[in-house]
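In this text, residue positions in the sequence shown follow our numbering: the first is 4, and each later residue adds one.
Notes to accompany the following structure.
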Amino acid sequence: MPCLLAISLVAVAARQAGVADVLPRPESPCERRIGLTADASIPCWPGSVESPEDAPNIVLILLDDVGFGDASTFGGVARTPEMDRLAAQGLRYNNFHTASLCSPTRAALLTGRNHHQVGFGRIPEMADGFPGYDSVWKENAASIAAVLRGYGYSTAAIGKWHNTPVWEISPAGPFDRWPTGLGFEYFYGFMGGEDSHWEPALLYRGITAVEADARSEQGYHLTTDLTDDAIQWVRTHDSLTPERPYFLYFATGATHSPHHVPNEWIDPYRGRFDQGWDELREETFARQKELGVIPADARLTERPEGLPAWDSLSADHKRLFARQMEVYAGYIAHTDHEVGRLLKAVQQGPRGDNTLILYIVGDNGASGMGGLEGTDADLPVSARLQRIDELGGPLHMNMYAAGWAWSAGSPFQGVKGIASHFGGLRNPLIVAWPGRIKDQGGLRSQFTHVNDVAATLYEAAGIRMPEVVGGVRQLPLEGVSFRPSFDDPEAAEGHRVQYFEMWGNRAIYVDGWVAAARHDAAWNAGGWANAGAAAHPEASGDRWELFDVSRDFSQAHDLAAQHPEKLKELQQRFDAEARRNNVYPLATSRDFEKTFDAVPSIARGRREFTFHAGTPRVPVWSGPDIGRSPSYRITAEVRVPDGGARGVILAWGGRFEGLVLYIENDHLVFENNSGRTRESIRSNIPMPEGASVITYEYVPDDARQKRTSWYGRRPGTGRLYIDGRTVGSARVTQSTYYFGSIGIGRGSGSPVSAALDVPSAFTGTIDKVTVTL
4 MPCLLAISLV AVAARQAGVA DVLPRPESPC ERRIGLTADA SIPCWPGSVE
54 SPEDAPNIVL ILLDDVGFGD ASTFGGVART PEMDRLAAQG LRYNNFHTAS
104 LCSPTRAALL TGRNHHQVGF GRIPEMADGF PGYDSVWKEN AASIAAVLRG
154 YGYSTAAIGK WHNTPVWEIS PAGPFDRWPT GLGFEYFYGF MGGEDSHWEP
204 ALLYRGITAV EADARSEQGY HLTTDLTDDA IQWVRTHDSL TPERPYFLYF
254 ATGATHSPHH VPNEWIDPYR GRFDQGWDEL REETFARQKE LGVIPADARL
304 TERPEGLPAW DSLSADHKRL FARQMEVYAG YIAHTDHEVG RLLKAVQQGP
354 RGDNTLILYI VGDNGASGMG GLEGTDADLP VSARLQRIDE LGGPLHMNMY
404 AAGWAWSAGS PFQGVKGIAS HFGGLRNPLI VAWPGRIKDQ GGLRSQFTHV
454 NDVAATLYEA AGIRMPEVVG GVRQLPLEGV SFRPSFDDPE AAEGHRVQYF
504 EMWGNRAIYV DGWVAAARHD AAWNAGGWAN AGAAAHPEAS GDRWELFDVS
554 RDFSQAHDLA AQHPEKLKEL QQRFDAEARR NNVYPLATSR DFEKTFDAVP
604 SIARGRREFT FHAGTPRVPV WSGPDIGRSP SYRITAEVRV PDGGARGVIL
654 AWGGRFEGLV LYIENDHLVF ENNSGRTRES IRSNIPMPEG ASVITYEYVP
704 DDARQKRTSW YGRRPGTGRL YIDGRTVGSA RVTQSTYYFG SIGIGRGSGS
754 PVSAALDVPS AFTGTIDKVT VTL
């Protein structure tokens, strides 16, 4: 009966919307006759879904954390010849906007709706229970992949995802909000916001956790791996179904932190940034005008209060910071090279001359999340200089100082997360379509937004957004197709109104005017954890600015005092759009510390967890939360064969923070890696052969101490036991937060302990491992 009811509801929706506006589309009529015998019957095979005539392949490329002025194609120092080549074949867009943060931009991109409207007001790790911020992809906002698949396209997503609730990322699912549940037939990549590019902790193929096929010392790099996989997918598709169009969404983890890149890509930039971020910004601005990617009358905005002038820095700081930027420039250049390899494979395919490529150079502005000094800012600069040549390698999760992010945003104000100003919002877009775009190398300056991409692709493919998908009536698209601009540089702007908001930073665009209120900078002390922390907690105290961006490309001239009525009009329009799109309540990072502990978890409320050998890797988000727990105990029932055993019993986290329980040289060892220090406890007796129960127990000095921030430390005592006997103890500074995964019987990604390799699989037998909070 429920099945019949569902079928009836779909049928009713189809009749109401019209068959052409419903997915899945009904099967074509089939002349089938069933008789008593085969001779008296006529068979008929169900027809496959046919794509529109001459529908193009579509390749959608999205880079991460690249500023408007980073790539040489748009005036930067980092050499991007592959991007240059694509731009020469197609069009450059210099008035294209994102949502100023990764997950929100991706949600708007892949649905064609506004990011709050579909629950992605910020990243899933910071979700809360309000409709605009729950990170739960809505069924009434079908993805581009779901729609194109319904029209006969093959679909694949490769790379960074970051649009699934963190509490749904585990081997237990549910999987309907993973890429393969949202219209992508194939997925390979990582589900979170960042990972080591040398030693990724959590890669997935489909819904299955997989290991990288090589180690960093063997030349492995995540961007190269993702590119290889994308090329293989394209070539396999072209070999087997060349007549069927495909949609490939390729989203690199680069150039998000950590800034990981081979040395040979860094070396060409040695000494290139010794002039500092102030002069670099002026040089970039001049090149942008020479290239014509900004208007001749554009003005370079000033360095904001709070960012130091380069000349005010010590010689040691200058040396360190210049190296940070050398690494980052190499990171961009390497990424461009890998994207170029993919583009070559795509364009050499049998339908290469009918492949529409959209290359979005960044999902937000350049990132100031590293704070004023970059990562490791709590260490003396002298200590950081001792390891300066290691930056970019697997031993560091390095990120540059925020001054470089500001410089990369030339000519705009703001960086990633500053949704009030174009430095956080405006990213280059390149569109190429052989044989269709005649104005090769042309420039387009119509106001466009990331939510316009879906409508543009649908028009290019000759389809329209269905009103009903899977029996669910869909939200109308918020974006407007900019397909007319492919042919006409003077095409009218279809997108006339657009709000922006992130961490209380907010703005609205209406017909060439922008009203903007900056809540605070993204480089406050503490970096990411305080990304939106304001001097005043209430957004109502923010000062609004007004810009005529039809004449003021870079938001350099505040007209609020001259046009107070216009400002009031736009403020009211922002409020209306905010209410319509679930933007309220506004929240800053002061609220994140409260909401962080409220994010749902499949482990919430449980005190005991039992794992068995062979358990797939579990993200730390979905396992027992030892960071929130005042104390905890790990108990493992193991069997050691004659001659002893070695290897990991339980690994938690990785190289940059974690804990591991293992056997080495016949002794039980516990190691706590808090990033800065490593504390280990070694049993004072050898591990006995045969069956044993081994235990690690942590007890804090003050059980009442609670975590006060994302990242914290809690001092206490750790003890090791074998069969109930204390065999070791030591002082331990327990971390309150971990990245990475939990491994039973083996490590994964990167080793927690420097004494171990990966996977260091346990050579004995594990019956079970129990974690008690």
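Note that the Cβ used here is the ideal one computed from N, Cα and C, for glycine as well.
Values in this document were obtained by computation on a predicted structure and should not be read as measured data.
Closest residue to residue i among the options (Cα-Cα distance)
{"i": "Gln565", "options": "Phe577, Phe550, Gln574, Ala579", "result": "Phe550"}
{"i": "Gly135", "options": "Pro174, Thr76, Arg649, Pro107", "result": "Pro107"}
{"i": "Val730", "options": "Leu776, Phe742, Ser683", "result": "Ser683"}
{"i": "Pro353", "options": "Trp140, Pro718, Pro248", "result": "Pro248"}
{"i": "Arg325", "options": "Glu376, Gly355, Cys33", "result": "For clarity, residue 325 is Ala in the given sequence; the question names Arg instead. Closest by alpha carbon: Glu376."}
{"i": "Ala590", "options": "Asp381, Gly657, Ile126, Trp436", "result": "Ile126"}
{"i": "Thr167", "options": "Pro84, Ser738, Met194, Gly256", "result": "Met194"}
{"i": "Cys105", "options": "Asp545, Trp547, Ala257, Asp490", "result": "Ala257"}
{"i": "Arg658", "options": "Ile37, Gly78, Glu202, Glu85", "result": "Glu202"}
{"i": "Phe190", "options": "Pro177, Ala405, Thr211", "result": "Thr211"}
{"i": "Leu776", "options": "Arg609, Thr618, Pro174, Val349", "result": "Arg609"}
{"i": "Gln389", "options": "Val483, Leu323, Glu660, Thr451", "result": "Leu323"}
Beta-carbon gap between residue i and residue j smaller than 7 angstroms
{"i": "Val453", "j": "Thr101", "result": "yes"}
{"i": "Ser138", "j": "Ala130", "result": "yes"}
{"i": "Gly420", "j": "Gly426", "result": "no"}
{"i": "Gly515", "j": "Ser553", "result": "yes"}
{"i": "Ala81", "j": "Ala411", "result": "no"}
{"i": "Tyr701", "j": "Ser756", "result": "no"}
{"i": "Leu112", "j": "Ser146", "result": "no"}
{"i": "Val150", "j": "Trp624", "result": "no"}
{"i": "Ser385", "j": "Thr287", "result": "no"}
{"i": "Ser370", "j": "Asn508", "result": "no"}
{"i": "Lys163", "j": "Ala254", "result": "yes"}
{"i": "Phe556", "j": "Ile297", "result": "yes"}
{"i": "Tyr252", "j": "Leu89", "result": "no"}
{"i": "Glu462", "j": "Val586", "result": "no"}
{"i": "Ala733", "j": "Gly721", "result": "yes"}
{"i": "Ser677", "j": "Val641", "result": "no"}
{"i": "Phe250", "j": "Tyr156", "result": "yes"}
{"i": "Ser686", "j": "Leu664", "result": "no"}
{"i": "Leu310", "j": "Gly373", "result": "no"}
Residue i, buried or exposed, once every other Cβ within 10 Å from all chains shown has been counted against 16
{"i": "Gln443", "result": "exposed"}
{"i": "Cys47", "result": "exposed"}
{"i": "His118", "result": "buried"}
{"i": "Ala289", "result": "exposed"}
{"i": "Asp319", "result": "exposed"}
{"i": "Asp760", "result": "exposed"}
{"i": "Ser31", "result": "exposed"}
{"i": "Ala510", "result": "buried"}
{"i": "Ile391", "result": "exposed"}
{"i": "Leu243", "result": "exposed"}
{"i": "His165", "result": "buried"}
{"i": "His259", "result": "buried"}
{"i": "Lys779", "result": "Outside the modelled stretch of the chain, which goes from 4 to 776, sits residue 779, for which no answer is possible."}
{"i": "Ala537", "result": "With a pLDDT of only 43 at Ala537, under the threshold of 50, the placement of this residue in the model should not be trusted; the figure read from the coordinates follows. Per the 10 Å Cβ criterion, buried."}
{"i": "Gly752", "result": "buried"}
{"i": "Leu39", "result": "exposed"}
{"i": "Asp73", "result": "buried"}
{"i": "Asp3", "result": "Residue 3 lies beyond the stretch modelled for the chain, which goes from 4 to 776, so this question has no answer here."}
{"i": "Ile769", "result": "buried"}
Identity of the residues DSSP links to residue i by a beta bridge
{"i": "Ala159", "result": "Tyr189, Leu251"}
{"i": "Thr258", "result": "DSSP lists no partner for Thr258."}
{"i": "Asp551", "result": "Trp516"}
{"i": "His100", "result": "Arg429, His452"}
{"i": "Gly70", "result": "Paired residue(s): none; Gly70 is not in a bridge."}
{"i": "Met505", "result": "Asn508"}
{"i": "Pro718", "result": "Thr736"}
{"i": "Lys771", "result": "Glu640"}
{"i": "Ile684", "result": "Phe673"}
{"i": "Ala764", "result": "Val651"}
{"i": "Phe612", "result": "Val774"}
Cβ-heavy atom distance, residue i to the ligand SAH, below 6 angstroms
{"i": "Glu30", "result": "With respect to small molecules bound, the structure shown includes none, and the ligand SAH cannot be examined in it."}
So does the stretch 732-751 actually touch the stretch 763-772, counting three or more Cβ pairs closer than 8 angstroms? yes
contact_flag[the stretch 357-374, the stretch 185-195] where n(CB pairs < 8 angstroms) is 3 or more: no
How about the stretch 493-503 and the stretch 449-463: do they share at least three Cβ pairs that are nearer than 8 angstroms? yes
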